[in-house]
Structure formats: structure tokens, C-alpha cells
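For the sequence shown, the numbering used here gives the first residue as 4, with consecutive numbering after it.
Everything on this sheet refers to the single structure shown next.
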Amino acid sequence: MAEPTARHLSLPSGLLELCALLGASQDSLRGLEQIAQKRGAKNLSSLAPEVLSVFVPPFTAKDDGQALGNSCTLSKARRRSFRKKREKPRMETWKSHPGDLRGPDSEDVTIPGGVDLLALPQLCFPGGVCVTSEPKEDYIHFLVLTDVCGNRTYGVVAQYYRPLHDEYCFYNGKTHWEPSVSSARCFVPFAVCVVSRFPYYNSLKDCLSCLLTHLKLCKDFEVDNHIKDFAARLSLIPSPPPGPLHLIFNMKPLQVVFPSRADPESPIIDLDLHLPLLCFRPEKVLQILTCILTEQRIVFFSSDWALLTLIAECFVVYLHPLQWQHTFVPILSGQMLDFVMAPTSFLMGCHLDHFEEVRKEADGLVLIDIDHGSVTCSTSSDSDVTIPDVPLVLAQTFIQRVQSLQLHPDLHLAHLSSSTDLNEGLARRRAWQQTLNCKIQHITLQLLVGIFREVKNHLNYEHRVFNSEEFLKTRAAGDQQFYKQVLDTYMFHSFLKARLNGRMDAFARMDLDTQSEEDRIDRMLISPRRPTVEKMASRKASPLHITHRRMVVSMPNLQDISLPDLPPRNSSLRIMDTSGCKSSSPVLKVTPKSTYTFKIPEIHFPLLSQCVQTYYTDLTTLLSKAMGLLGPGDSLLLARYFYLRGLIHARQGQLLSALLDFQNLYKTDIGIFPADLVKSMVESMSASEWAQAERTPELRRLITEVLDKPGEAPKADDAVKNFELPKKHMQLNDFVKRVQESGIVKDTVIIHRLFDALTMGHEKQIDPETFRDFYTCWKETEAEAQGASLPALLMDHLDKNECVYKLSSSVKTNRGVGKIAMTQKRLFLLPEGRPGYVEIATFRNIEEVRNTTVAFLLLKIPTLKIKTAAKKEVFEANLKSECDLWHLMVKEMWAGKKLADDHKDPQYVQQALTNVLLMDAVVGTLQSSSAIHAASKLAYFDKMKNETPVAVPKTTSETLKHKINPSAGETAPQAVDVLLYTPGRLDPAEKVEDAHPKLWCALNEGKVVVFDASSWTIHQHRFKVGASKVNCMVMAEHSQVWVGSEDSVIYIINVHSMSCNKQLTDHRAAVTGLVVHDGKKPSEVYSCSLDGTVLAWNVSTLRVTSRFQLPYGDLMSISLHGDRLWCCTGRSIVVVTMQGFHRHELKIKNSDQAPVPLLAFQLLPEKEQLWVAGAGCSDLYVWSMKDLGQPPRKTPVPDCTEISCMIRVKRQIWVGGRGLSQGRPRGKIFVMDVEKMTVEKELVAHADTVKTLCSAEDRYVLSGAGHEEGKIAIWKVE
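Listed below in C-alpha cells is the structure:
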């Protein structure tokens, strides 16, 4: 570990970036007093504001010699407060760069980036400095400041009035001028502005309110000191990390709460989200959200400056995780009004007095009047703003849900006794607000999920392509304008990037939580999606759907359409009765997550370095005490304490202590690990700190991890491409890419067959015209199926998840005239002229399919004949020109169904469906005499049935229960590396579906897919644990799954949240084995790694309780039995005590006395047997555990070429490997009779090697195949 050169350490600032005092200048106030004496205070004009003093952290006193920390160099030099010199006039250097205030009339000070001190006075006094004859109430408003890089800081401004009295209003301790006693009495406004990197609107408002109580009582010359002390306090308060921990600080008289963001992806919410709902009707709220989603040029207006920022921020929060990426200036002063002439999208705010001026002067703006709840457009003949409607059903649902909210705290708190404590009353109000905020966020997120849920169906993740044209085709005609405008925005483009990057944000979580069972099943299908019979029936029955379609067809002017009558708005302010509205009732059940508070200690003055160090010491002591009171299950809260303590240690200059605290985040919550800060700390360590870190194993590992971890490589093309038809000829590889981008099919092997079909008899390349014709044919068939009008009585005859994939033209059959329909299960006839249903055949019952001709007069009409087992009469259909195609399709579906039944694998039917639909598109594309022959290239299963039939052995068929495909939706199958079954457990904290048993499947590169083992549907589609191969998995507790990886890390998955937020990093080589010590309290897990290290873990605390090192490498697995650890190395089985003391070593030698390399072993305590498999061979070796000194018995496994894995199930040993079956290599499972030590059953399991086996409650065994097949088979245990 090389020691880098020490660098400057830039620590994150506290809550405060800058504090400023603003008001009128000394000269203007001196002149003001003279005017007031002559004309009276009522005749005074507005004054120009300027910055009077600036306070920037750190605030350690100048004359204090000691630095805050001596082991690192802080990049922020010690700063001083800046005060305008009173003696000198304002100089031109003041007009230099906003961040550079160095000049002859000012002291040196460094201003944080993003704060423009030239613009700040106008923003703090947007209405000017108005001198009054009577004192006014204090006034608070809010700012959002943006730097050139788009980074935002947030300001809270408190205006207050002071009299212009005998002791002049500036505070350098001198009395400049004493006017006569008879001078007119004037009140002059001043403003204190606090700037923070965090949007703590309510909290900083509370802080400034406390400050104002002091400023009003102090003498003029004391004001600067009070503000400086106030700023110092805020600068020393750390920002809370994401999660449930909020910070409390006593500002006297208020206890101020600084809330944390819910998670690293969420914004800080410190405002009242119901404010827009008090100002606007729900319909107008939807209209404003639409304006933001379509990135209009938006201007808010209000007579209250405070509401401008708060309302604008609420709307931005409503759309999270979508983000407004354009200009955001919620307050414009009168001098800034020309900003609204900008040609690009923006969101700004002005005083209501400027409404008419802006409406007349600027075109194409959306003008939102907060005071009157109106939304209008400023238009001219050259510019027209169109605000489209939100999809009708979603709009109705949103309005109903909003109307069900309780927006008035007085009604909620009416039954409570009056609070005699100010802070208690505020706490009650905060709790009410937090619950309401949670409900509002839930409602707006539901709206976004409803709008964009189906976007993912038109994304190609491999090539980062979005097929916007096809997505728009799936939208109702009345919604087209809305989606066209939204899809063309930067906001939506960023949203697409997040989906393609697999970001698990609030949208993704709600999408997952609210998906239907049909959606879960759809994710397992490899065939193209079609609406199910149930969905088509419900779509027909929906009055909203009928109304929407009727309105769209009959009234093209969508702006004039009135919505269908909504439930009457409740005239009472109490909660609306939503018993009849299913959509809104869930909202009332939303409860915020539990939150906790931590009180920051007092900060003592004067602020010398010693006082700061005392404050930090008190803070770390309180944090350590709070950590000691937590139980082992409170890791979420513990992580926040570690984070805060690490931050304070870093500020104290105790870098090693800080790094140890941050290291603990791996075991508590890796999601809040500050990687950039830790890297900066490591790079700034001194030589002595490096030497000490080298002697601490935890730090050595952390430092290696941080320094060796490569930065995220910049992606060559991170953009999202819109699907376009090709314009050039395509070779095979380019054709594969284009088809995958189109969303037609992903499987590379199937696309290769499609390429052969389309290039039949031609040069092996495809021209753009052929691709366009094929794409058009495919989409036309899809649209026909989507819009098919099917009689409602089909629901009585078909399964609810059946889909109609193909309809013939109207043909004559021996059962009447009508259209032949094909689903994934059957063929049936839709009679012409009347609603009805005539079953033709299920694919399972077909016995013969023939393509013949029938004579009619002088003609021979092509006819399809289908014979079934259930009916004696053969079905005949005069399909004419369609006959050959239907003959191919029915035979392919028949063959696919037979394979599916034989192999217990429904994926064969799905693949056959894909082949059939591709045949149809190929015939429609080529439209030549060779089209049918070309389409036959895709009849894969029919060809397999006729040319190379593979019979499934009886024993295999009887034992096999089902097959599932974890690689569904991928471009190629992926090897199943590890399987883990976890039993169901009904926990009050879980949802019902989460309590089902689960199957965890590890694929390549750390991908994990989770199946619901009660239905074998996908529970969690895919998440990643690192980027390396997974070697082992185990359920440590009912809420934890541990995953051992090739990258030497143990990843811990929370089974409730399905997230991996903890890591154990104590191993130095690939983790190869995990085993739970059953019956041990507290729970204990042993892990081993390839280098021979064995660690024992306390599951509750995640601490290593013991460790030892075997003197052998290649440690591949471990097992527990009889208070002994049995370890499999590459050359022997080693038996050691729980403390690592050697007891036995078992080796196998061949006839040449050369050691046999070992692969795996299983203990069979009931029979006192030890079964061992040799690596790269087909032999098993069995030891008697009564006498391990005796040589093992060799047991060859017939018809096996190589063993790959083995498990114990009841009193059987199941061995997975590879062997020949009917002359072909196949993945096989051998069930061993432990009495006779012979093969009891031989199961032909997979087309590729059996890579892994696992047991499900000793009732079933699950096997995973290699990358050629990539499927999981479920076997019944006798």
C-alpha cells in the first residue's frame, strides 16, 4: 500500500455557507434623516440596498493560536467576517467579480461559490428598502441561488425594522451623529440572510426568528456580534445524513429541528407540501404539474414574496424523482423583470404588481397567480402556449385522492388539550405536517407512476434505446398531445437515463410495489406481450375508457372537453368519505416512517479554538452514549451515529478515528458511505497516520479499497437513443442489434434464424426496405391483436391470462363461417354475424395437422385439417392463401406445447409463440412464392420434433415438477451459479407477498433474481451484489441473506426491502463458503475464503468473534458437525475445532499414489458417512466417520463424465454433473442410495452441466444449469 503525498482536505460545511446583514448605506441614511426633518417620514422614497456585513465560517477567533486540527491541511483558509468600512465612500472595486470582495474598502473574505453579492441585496429587498413612519412586522422570505454549474444554494431572509434614532444605526461602536430631538421618527428596514447548501426553509426560518428577538433588544453596536455568534452556531451544526435521524438544536427559545432526507436519492423536505393545495383547486394543480412536465416558460405571481419560493419548491418536490433542469429563480426583483424575456424554459416568480406588465410585454408564458388560484397564458399572434390534459383516468384518481386529504391542522388537533409549552405545540404541528407531507408525496408519486409506468415496456436496456413512436401508439388518442410534449423534454430524457441505469429510486420502488400479478408473470415471458382476455374485458367494461374514447373520436378540440362529473366536492373541511372510491382509500392509510431525533449540545462563546474543541468533544460523547443505548437490531440508526461521529472526528483532525467510524458503515448501511470524503481524508493523511493505519487491519482494508477502487469509467455514450429504422444494409451483427432495439425479440439465437429466413436465396445482408416492411408487418399484427373486438362470453371459455395472438380472415369451416383465433393454449372459431365461441382444439390434444386441398367445382381450395384426441370429427378450414402459414404455425405451437409438457417447461410455448409471430411477419414481408419456405426456417420446435426427437426418460418425467427461466428477457441464457431457498415466514412487518417462500438465484457478474416459490413468478426482477461471480449464499436470519462473492466481500441482503445495504469486508480473497451455526444464540455464521481464512460472525452485531488461518490454500467450502469445522481444500478434507485447532486431514490418492484434487463434500451423520467428490472426474469417495483413519470406499458414478456439485437431502445424496444421454452430452443428476452406495435414480436434467443444487425443505430439489441453457429445474424428492 503506497503512501500518497498528503493533500489538502476539504470537509463538508455545516448548515451555514454564509450569513449577511443588508440594508441601506450610511450615506443614504444620513441624507434620509435630513429629508425626514424637512418633509416628514411619509414623503421618503425607497433606498438602494447593499451588503453591510458578511460572515463566513470558520469563526475561530483570530488571536487563538491553535488550529482545529494539526494532522491535516484544511483547504478552507481561516476566514473573517467582512464589514463595509464606514469611514470610506463606496468604491468601484465593489463592482468586481461577485465572489471577490477584496478591495481598499473591505477586509479580505472568501465568498462561497454560487452567492452573487451584487444581486443579493435586490433579492433580499425585492421591493426595495422602504423607510416607514411606523414599525412593521418582521418579514421572512426565501431564495434559491444557482451558480454557473447549476448547483443550488438556498437562502432565508428575515427583514426587521429599527428606528433611526439618536445612536446611529451602524455598529462600529461610535456615535457618528446626533440629530436634534425634534427630528421626524423613521423606521429603517434591515435584512439578515442565511445561505445554506440545504433547503432548510422552516428550520432556518425558526432560527432567524430566534435571532430577531435578540437583535431587537440589543444596542446598535452589538448587532454584528449577535449575527456573528448566530452564524457560528449554525456553521458548527453538521448536516444530518440520509435516513430516519433528525437533529435538534436549542436556539433559545425554540428547539429547532433539522430533518434529514429520507434516502440518498430523495430531497430534503422542510416545507409544508399542502400549501399549493390550499391555493389551487386540484384541477389547477394538475395543470401546473403539466406545465412543469412539458417544460414551459413559467412565472408565478403573488403579493407575498415568501409564497413564491415555497409554492414553486412544492411543485418541484411533487415531481420527484423527475427533476427540473432549467433556470429556477422563484423571486425576481423589479430590476430583474427582463429575465422573463429569456427564450428557453424557466421557472420564475414575480410580485403580483407586475402581472399585467409581464402579460403584455412577454409572449408564450404560463402565468400562475397564487393569490387567486388561476393559470393563464400570455399569448400573441406569433406565439401559442398549449397546456395538454393529464390522462383522464389518472386525473380523476388524483383529484379524488387530493380531496380526501385533511389540509387543516386545527381540525386534527381540536380534540387535544392546549399546549402550555411552545416547543410541544410546535412538535405536534410538525408531526401532523410530516404525516400530511408523506400522503401528498404518495399521491403525486402514484400520479407519476401511472403516467410513466409503461415506459419500461418500450426500453431496450442493452443498446439504451427508447421506442417513443411505439410507446405513443399505446396511448389513448386523447392523451397523445400530453405524451408528445412530455417525451420531448430534458426532464423525461433524464428519467429515461435513470431507468436504463437501473436506479432504484422512489418511482422504481412504487412501480415494483404496485405491479399486478399479471405484470409479474409478463416479466417472465419471452414472447411478445398482448392484452389478456381479462384485461380486454375489463377495458370494455370501464365507463371511463368508453367515455374517453368517445370524446376523442367525436371532439378533436381537446381543450374544450369537460371531464365527466367527479364525485361532489365535500363542503366540509373534514376528511372526505371515500368509501365508494377505491382509488383514494389507500392514501389515508399511508403513514410516515418512524423518525428519531438527536439533540446537538450547547455551543459556548467566545468562539476560541478551545471552545470549539469542547463542543466537538461533547458532541462525540453524546453520540457514543446514544450508540451504546441501541440494540443490535438498530443498525439503521447506528449507521447515522457512526456517520455523524466520523464527520465530527474529521473536523477535529482525528482522521483515523473518523475513518474507523466510516468503516463501520459497511456493516450498518453502506448506502450513506461518503466515498469521496473518505478518499480525500486518506489522501491527506500524514506519514505518522499512515504508519498507524498500516497497523490497523480494518483501516488497511478500507484504505486499500478506497485507493485501489477504480473510478467509474466514463461511458462512451450514456445518452438515450430514440429508435429509428435503419438506413443502410445490415450484416448479421448489425441486424441483431437493430431487432433488439426495436423490442421485437431479444434472443440472439432466434434473431439469427430470422436473419436466415429473410435472406433466403439472397446475399447474406438485409436492405433497409426489407427491415421496414418486416417491422411494419410485425407492428400491424400487434395493433390488430391490441384492438381486436372479442365477445365478452370468451371469459367463460378462456383462462384469464390467455391472449389472442393471431386472427385469420373470415373463412369457411365445417363448423361455420368465422375467424380462427389462436392463443397460447388453443385454437377457436369466432362465428361471423353473431357473438359466439366454437372450440377447435387445445394444442395439447392435437393428434395430427394436415395441409390438403378440397375440390370445389373446378377449383382446388387449400384446406387445413386438424385432428384431436377429444373429438372424432376432424376440423376443416378453407384457409385459401393463408393455409400454408397456418399449417406452419399450428404445427410449431403443437410441437412447442408437447416439449413444454414433456420437459415441464412453459418457456417452450412462449418461444414457439415468438417463432409463430415471426413466421407471420416474414410471410407478410416477403410476399413471394418462397415466403412459406423462408418462414419454415423459424419452425424450430417442429423441426426438432421431426428430425431429432429426444424422448424424456420416464424417471426424469416422473420426478421433474417444473422449470423456470431466470434469464427471461436477456439476449442469451446465463449460467445459474448459486441457488438458495428460503422458507416463508409471516412477519407483521412484511407484506403478505413478502412472507411467501423465495428462491434466490445468482447469475453472472453479481446479478441476483428472486422468485416467489409459491407461484414460481419473479418477485424481484434483478439487483446486483458487486460485479463479480457469486460463490455462495445462506440465510443467516429470517431477515438476512448473506452472499459470498469472488471479490472477497460478503453482501447482506435485507429480505424485507430487497436491498443490499451492508457489506462485510474482512476477507482478503474470494469468499467460497458460508454456514450457519444452528442452535447457537446469538446466531453465528462461519465464512471461509480461498486463501484459507475462516471467520466466525455474530449475526446481530456483524462483528468477527473469532478467526483462524488454515495452512492450506484453495479452501472451497466448509460445514459444521459435532462442534467441528469440516473444510474442503483443493487437496484434502481438513477437520478442525471451532477455534481452528487441527484434528484430522483426509486425502485421496489414485493408483499412482498421486493426490486426487477435491471438489466438494457432504456429511451424512445418520449413517456416519462422509461423501467426497473428486474434481474433474466421475468418482465419489465415502469415508466412515467412525474411523477416519481407514481409506475411503470409491464409488464410480456410471454415465457421468464429470461431477460439479452435490447436496444431502434427507438420507440421500444428490450429485449434479454432466454425462451422455441418447448420445448427447447433458446435465444430469444422480440420486445416490447411501445404503448400497449406488445410483438410485439418474435424471436427465438440463441441456448443459448442472452447476448448482439446493434443497427446498427436503421436499424438492432445485438444480441450475450452465450458460448454454440457464434454466432452473424443480424436482420432487421421494
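Don't be surprised by glycine CBs; every beta carbon is placed ideally from N, CA and C.
In this text the structure is predicted, and so the values were computed from the model without any measurement.
| Asked | Found |
| --- | --- |
| Sufficient close CB pairs (3 or more, under 8 Å) joining the stretch 942 to 959 to the stretch 1206 to 1223 | no |
| Residue range of the beta strand (DSSP E) that includes glycine 1220 | 1215 to 1224 |
| Arginine 572 burial status per 10 Å Cβ neighbour count (16 or more: buried) | Here the model assigns arginine 572 a pLDDT of 47, short of 50, so the residue's position is not dependable and the matter cannot be decided. |
| Cβ-Cβ distance between glutamate 1035 and valine 1046 below 9 Å | Strictly speaking, residue 1035 in this sequence is cysteine, with glutamate absent from that position. Yes; because the gap between Cβ atoms is below 9 Å, this pair is in contact. |
| Beta-carbon separation (whole angstroms), leucine 340 vs histidine 357, contact threshold 8 Å | 6 Å |
| Rounded distance between the beta-carbons of glutamine 977 and threonine 1006, thought under 8 Å | Sequence inspection shows leucine at residue 1006; the threonine mentioned does not correspond to that position. Yes, they are in contact, since the Cβ atoms of leucine 1006 and glutamine 977 sit about 4 Å apart, within 8 Å. |
| Isoleucine 651 (DSSP reduced to helix, strand or coil) | helix |
| Sequence-distant residues of its chain with Cβ nearer than 7 Å to arginine 362 (five each side left out) | Leu370, Ser381 |
| For isoleucine 603, the nearest candidate out of Lys1213, Ile843, Ser238 (CA to CA) | Ser238 |
| Which of helix, strand or coil DSSP assigns to glycine 102 | With a pLDDT of 35 at glycine 102, under the threshold of 50, the modelled position of that residue is not reliable, and no figure is offered here. |
| Glutamate 137 and phenylalanine 190 closer than 9 Å at C-beta | yes |
| Valine 781 in three-state terms, based on DSSP | Valine is not the amino acid found at residue 781; the sequence shown has tryptophan there. Helix at tryptophan 781. |
| Histidine 1124 versus threonine 1140 - alpha carbon distance | 10 Å |
| Delimiting residues of the alpha helix (DSSP H) encompassing glycine 899 | 886 to 906 |
| Spatially closest choice to leucine 702 from Asp664, Ile1277, Ser612, by CA coordinates | Asp664 |
| C-beta contact flag for tyrosine 1089 and alanine 1099 at 9 Å | yes |
| Assigned secondary structure, asparagine 1153 (DSSP; H/G/I helix, E/B strand, else coil) | coil |
| Alpha carbon of arginine 849 to alpha carbon of alanine 858, nearest angstrom | Sequence inspection shows isoleucine at residue 849; the arginine mentioned does not correspond to that position. Cα-Cα distance, rounded: 25 Å. |
| CB-CB length for glutamate 3 against serine 811, believed under 8 Å | Any answer about residue 3 is impossible in this case: the structure gives the chain only from 4 up to 1281. |
| Tryptophan 327, DSSP secondary structure in three states | coil |
| Cβ contact check for the stretch 968 to 976 and the stretch 742 to 755: 3 or more pairs under 8 Å | yes |
| Neighbour-count burial assignment, histidine 890, 16 or more Cβ in a 10 Å radius | buried |
| CA nearest to the CA of glutamate 876, picked from Asp905, Ile843, Tyr984 | Ile843 |
| Sub-9 Å separation of aspartate 887 and isoleucine 823 beta-carbons | no |
| Minimum C-alpha distance to lysine 855 - residue among Pro838, Ala872, Phe846, Glu879 | It is worth fixing the name first, because residue 855 is threonine in this sequence and not lysine. Closest option to threonine 855, Cα to Cα, is Glu879. |
| Buried versus exposed, by CB contacts within 10 Å (16 or more), glutamate 1171 | exposed |
| Spatial distance of valine 1218 from isoleucine 1206 (CA atoms) | 7 Å |
| Three or more C-beta pairs below 8 Å linking the stretch 790 to 806 and the stretch 770 to 781 | no |
| Own chain partners of glycine 176 with C-beta closer than 7 Å, once the 5 adjacent residues on each side are dropped | Low confidence applies here, because glycine 176 scores a pLDDT of 37, under 50, leaving its location unreliable and the question unanswered by this model. |
| Burial state of valine 820 (16 or more Cβ within 10 Å) | exposed |
| Stretch pair the stretch 638 to 649 + the stretch 605 to 618: three plus CB contacts closer than 8 Å | no |
| Length at least 3, wholly inside the stretch 775 to 826: the beta strand (DSSP E) runs in chain order | 814 to 816, 819 to 825 |
| Ordered list of alpha helix (DSSP H) runs contained in the stretch 465 to 533, each at least 4 residues | 471 to 476, 483 to 489, 493 to 503, 509 to 516, 520 to 525 |
| Unbroken beta strand (DSSP E) run spanning tryptophan 1278, endpoints | 1275 to 1279 |
| Buried/exposed call for valine 151, threshold 16 Cβ in 10 Å | exposed |
| Alpha-carbon spacing of glycine 1179 relative to threonine 1075, whole angstroms | 18 Å |
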